[in-house]
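Below is one structure; the comments refer to it alone.
Right under this line is the structure:
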């Protein structure tokens, strides 16, 4: 076996995996704090990529600024979605919440098709064509950026959850919403901002991955599926679990695609969750309730 | 009594309907209606009776469709034999997938079924040697029972109608049987059901396998009627369509999925001019139904009947408790 090729596959897998982690972190935060399994999460990823495209390519704004704008705009959309749909339904049965998030997902993806057209778009980035050599491994600068920006964002989220006042409020709400409310925490505010943070992360992932692929209005389906696989494998509500499971999925897909078959690459990833779940039905990092 | 008369009237109306349609296109729509009703009835066993949401149901429809299509085009097997084999193949997939996925409940189960559905879709799309990949399978022979062939829409309509009635009756008998009551007990409160000696896992697995078998049957009939199938039959759009049908019609009932299928097919045609806006409207309908009418269209009738009865039996103004005095 060629070591260089192997190392290249691992590097590619880690980059893809890091994007999965960004998507999955939002999903797992929303589940941990709001107890919502949000099927519309991938659509915020799609909106992130499209807003970057429109702001960057059409208005001529710098790519990095466009990505930041996309994250902020989508975070605001997340606040609106939470206020209109999920907050009023918070006491309803999980069945109702699941179905309404499916409805929202269909609404956004088909609305996107209506507004943006079904033809593929290409997000411009100054880093997309520049190549970086790290030892024997070759990556485009954009893919290095995906990894680096994701690491920075995740460290930021970790520090925020761990040390900031608001992060502590989020963790308290995740552990026990009623108890948190009794100590004077504004649950409504926590729900709103958690949802905004999750959507912002999804949009950031979309903005970062966008230049490495073609974007369609239906990429949200793909994103939410990857995110869910990671979240289920890591354990619902576990941020640490999402990190490990995301990187693992990325690397396994990449190796499977490189050494077995590119077409079945995705199926290999899905098959992985089955193996994990037969062994640990609640995921690798599942423990009691709360954010970890 | 009134119930039986209503049922008989409904069945009679369904039998006469294609003769009133007048043209082949409307008959085609009627056949599609019945097909979606059959598939929705099978999905309803999982969503309505077991109380679990599955996002993988279209994959089993696809397994049935591909099984029967491949058997008839590759091996030359008569479609009549392919039909039960399609159901068996889908049920086998349902058994394996249900065995793995039903270890978890609620949202996790839903996500797992989505994952399994995607595996089957990816395999179908990429195993070009067997399934011809995205090109799909064409020239599938029509359904035939002995000398009778089901080529036209009207013939197919009656074939599927018979199956819909059979499955509807099966569901009716099931709900009133010991097994069916176990289904509902598991839906309402799984730990309590387990404490009464019901094996929750086996009960759910049984329901899931029956549902997937019927889905496979429906898929096979679809393949022999439309004569062309592509992996899209397993796609997310089809999953969403089936869920929309069950929820809009009314889950946990027999009339609900049939009614929902009528609304779906009807609106799909009526809104054809609207193009991509169609799915946006369906998504809004789904969300609206879930929030404002959780019981679906069927519950409108029940709601009307209860208020109607209350008006008849009680003196006006006193019977209905005032809205302000509630537990809010």
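Chains as they are written, first to last, in the numbering used here: chain A, 1 to 292; chain B, 1001 to 1328.
Virtual Cβ for every residue (Gly too), placed ideally from N, Cα, C.
Starting from the beta carbon of residue i, find every residue of chain B whose beta carbon is closer than 9 Å, and list them in chain order.
i, result
"residue 100 of chain A", "1286, 1287, 1290 and 1291"
"residue 255 of chain A", "Within 9 Å Cβ-Cβ: nothing; residue 255 of chain A doesn't reach chain B, min ~17 Å."
"residue 215 of chain A", "Those within 9 Å of residue 215 of chain A in chain B number zero; the least Cβ separation is about 17 Å."
"residue 113 of chain A", "1276, 1279 and 1280"
"residue 20 of chain A", "Neighbours of residue 20 of chain A on chain B: none; closest Cβ ~14 Å, over 9 Å."
"residue 37 of chain A", "1106, 1107, 1108, 1110 and 1111"
"residue 89 of chain A", "1290 and 1291"
What residues from chain A crowd round residue i, counting only those whose CB sits closer than 7 Å?
i, result
"residue 1279 of chain B", "106 and 110"
"residue 1106 of chain B", "94"
Are there any heavy atoms of the ligand GDP lying less than 6 Å away from the beta-carbon of residue i, as far as the coordinates show?
i, result
"residue 1165 of chain B", "Among the ligands in the structure shown, none appear at all, so the ligand GDP cannot be discussed."
Are the Cβ atoms of residue i and residue j separated by less than 7 Å?
i, j, result
"residue 1248 of chain B", "residue 1203 of chain B", "no"
"residue 203 of chain A", "residue 74 of chain A", "yes"
"residue 1120 of chain B", "residue 1034 of chain B", "no"
"residue 108 of chain A", "residue 43 of chain A", "yes"
"residue 187 of chain A", "residue 196 of chain A", "no"
"residue 1072 of chain B", "residue 1062 of chain B", "no"
"residue 29 of chain A", "residue 194 of chain A", "yes"
"residue 26 of chain A", "residue 201 of chain A", "yes"
"residue 210 of chain A", "residue 57 of chain A", "no"
"residue 1059 of chain B", "residue 1117 of chain B", "yes"
"residue 12 of chain A", "residue 101 of chain A", "no"
"residue 254 of chain A", "residue 8 of chain A", "no"
"residue 24 of chain A", "residue 227 of chain A", "yes"
"residue 141 of chain A", "residue 154 of chain A", "no"
"residue 1101 of chain B", "residue 1109 of chain B", "yes"
"residue 1251 of chain B", "residue 1010 of chain B", "no"
"residue 1361 of chain B", "residue 1123 of chain B", "No answer is possible for residue 1361 of chain B: the residues shown for chain B start at 1001 and end at 1328."
"residue 1283 of chain B", "residue 225 of chain A", "no"
"residue 1090 of chain B", "residue 1012 of chain B", "no"
"residue 301 of chain A", "residue 205 of chain A", "Because chain A here runs from 1 to 292, residue 301 of chain A falls outside it and cannot be looked at."
Going along chain B in order, which residues have a C-beta closer than 7 Å to the C-beta of residue i?
i, result
"residue 267 of chain A", "1119, 1122 and 1123"
"residue 221 of chain A", "1236"
"residue 103 of chain A", "1283, 1286, 1287 and 1290"
"residue 260 of chain A", "Correct list: empty, because the minimum Cβ distance to chain B is about 12 Å."
"residue 229 of chain A", "1115"
"residue 278 of chain A", "1100"
So which residues of chain A does residue i contact, with C-beta pairs closer than 9 Å?
i, result
"residue 1090 of chain B", "Within 9 Å Cβ-Cβ: nothing; residue 1090 of chain B doesn't reach chain A, min ~18 Å."
"residue 1243 of chain B", "99 and 102"
"residue 1257 of chain B", "Neighbours of residue 1257 of chain B on chain A: none; closest Cβ ~15 Å, over 9 Å."
"residue 1272 of chain B", "Those do not exist, as residue 1272 of chain B stays about 15 Å from chain A at its closest Cβ, beyond 9 Å."
Less than 8 Å between the CB atoms is what I'm expecting for residue i and residue j, so what's the real figure, rounded?
i, j, result
"residue 1086 of chain B", "residue 1064 of chain B", "4 Å"
"residue 265 of chain A", "residue 249 of chain A", "About 11 Å separates the two Cβ atoms, so there is no contact after all."
"residue 1239 of chain B", "residue 1057 of chain B", "6 Å"
"residue 230 of chain A", "residue 246 of chain A", "5 Å"
"residue 1157 of chain B", "residue 1030 of chain B", "5 Å"
"residue 269 of chain A", "residue 252 of chain A", "6 Å"
"residue 215 of chain A", "residue 121 of chain A", "5 Å"
"residue 1144 of chain B", "residue 1079 of chain B", "6 Å"
Residue i touches chain B at which residues, Cβ-Cβ below 8 Å?
i, result
"residue 273 of chain A", "1112 and 1115"
"residue 232 of chain A", "1108, 1111, 1112 and 1115"
"residue 264 of chain A", "1122, 1123 and 1126"
"residue 225 of chain A", "1114, 1115 and 1118"
"residue 30 of chain A", "Within 8 Å Cβ-Cβ: nothing; residue 30 of chain A doesn't reach chain B, min ~11 Å."
"residue 270 of chain A", "1115, 1116, 1118, 1119 and 1122"
Find the residues of chain A that neighbour residue i, judging by a C-beta separation of less than 8 Å, and give them in chain order.
i, result
"residue 1303 of chain B", "None at all; the shortest Cβ gap to chain A is about 18 Å."
"residue 1240 of chain B", "102 and 106"
"residue 1247 of chain B", "99"
"residue 1053 of chain B", "95, 98 and 99"
Report the neighbours of residue i on chain C: residues whose CB is nearer than 8 Å to its CB, in chain order.
i, result
"residue 1178 of chain B", "Looking for chain C here will not work: the only protein chains present are A and B."
Under 8 Å, with one C-beta from each stretch per pair, do the segment 1241-1250 of chain B and the segment 1219-1230 of chain B reach the 3-pair mark?
Counting C-beta pairs closer than 8 Å gives fewer than three between the segment 1241-1250 of chain B and the segment 1219-1230 of chain B, which falls short of the contact rule.
Could you give the uninterrupted runs of the beta strand (DSSP E) lying entirely in the segment 81-123 of chain A, keeping only those of 3 residues or more?
Those beta strand (DSSP E) runs which fall completely within the segment 81-123 of chain A and span 3+ residues do not exist here.
What residue ranges within the segment 1245-1298 of chain B form continuous alpha helix (DSSP H) runs of no fewer than 4 residues, ordered along the chain?
With a minimum length of 4 residues, the continuous alpha helix (DSSP H) runs that stay inside the segment 1245-1298 of chain B are 1255-1270 and 1277-1292.
Contact the segment 164-179 of chain A vs the segment 18-28 of chain A: 3+ CB pairs below 8 Å
Fewer than three pairs of CB atoms, one per stretch, sit closer than 8 Å, so the segment 164-179 of chain A makes no contact with the segment 18-28 of chain A.
Should the segment 93-100 of chain A be called in touch with the segment 236-255 of chain A, which here means at least 3 C-beta pairs below 8 Å?
The segment 93-100 of chain A vs the segment 236-255 of chain A: no contact.
Contact between the segment 1148-1156 of chain B and the segment 1260-1279 of chain B is defined here as three or more beta-carbon pairs at a separation below 8 Å; is this criterion met?
Contact annotation: the segment 1148-1156 of chain B does not touch the segment 1260-1279 of chain B, with fewer than three C-beta pairs closer than 8 Å.
Contact between the segment 106-117 of chain A and the segment 1294-1307 of chain B (3+ Cβ pairs under 8 Å):
Result no; under three Cβ-Cβ pairs closer than 8 Å.
With a floor of 4 residues, list each alpha helix (DSSP H) that falls wholly inside the segment 1113-1159 of chain B, ordered by position along the chain.
Complete alpha helix (DSSP H) runs here, min 4: 1128-1131.
Spell out a yes or no on whether the segment 1022-1038 of chain B and the segment 1164-1173 of chain B are touching, meaning 3 or more CB-CB pairs, one atom from each, closer than 8 Å.
With a cut-off of 8 Å, the segment 1164-1173 of chain B and the segment 1022-1038 of chain B count as touching, because enough Cβ pairs lie within range.
Within the segment 214-260 of chain A, ranges of the alpha helix (DSSP H) (whole runs, at least 4 residues)
If we require 4 residues or more, the alpha helix (DSSP H) runs fully inside the segment 214-260 of chain A come out as 219-234 and 239-259.
Cβ contact check for the segment 1051-1059 of chain B and the segment 1113-1127 of chain B: 3 or more pairs under 8 Å:
In short, these stretches touch, since the Cβ pair count reaches three.
Completely contained alpha helix (DSSP H) runs for the segment 163-211 of chain A, where each covers 4 or more residues
Along the segment 163-211 of chain A, the alpha helix (DSSP H) occurs as fully enclosed runs of 4 or more residues at 165-175, 177-182 and 187-209, listed in sequence order.
To test your reading of the DSSP string, which unbroken alpha helix (DSSP H) runs of 4 or more residues are found completely within the segment 1194-1227 of chain B?
Segments of the alpha helix (DSSP H) lying fully in the segment 1194-1227 of chain B: 1200-1226.
I'd like the ranges of any beta strand (DSSP E) spanning at least 3 consecutive residues and lying wholly in the segment 1023-1108 of chain B.
Fully contained in the segment 1023-1108 of chain B is no beta strand (DSSP E) run of length 3 or more.
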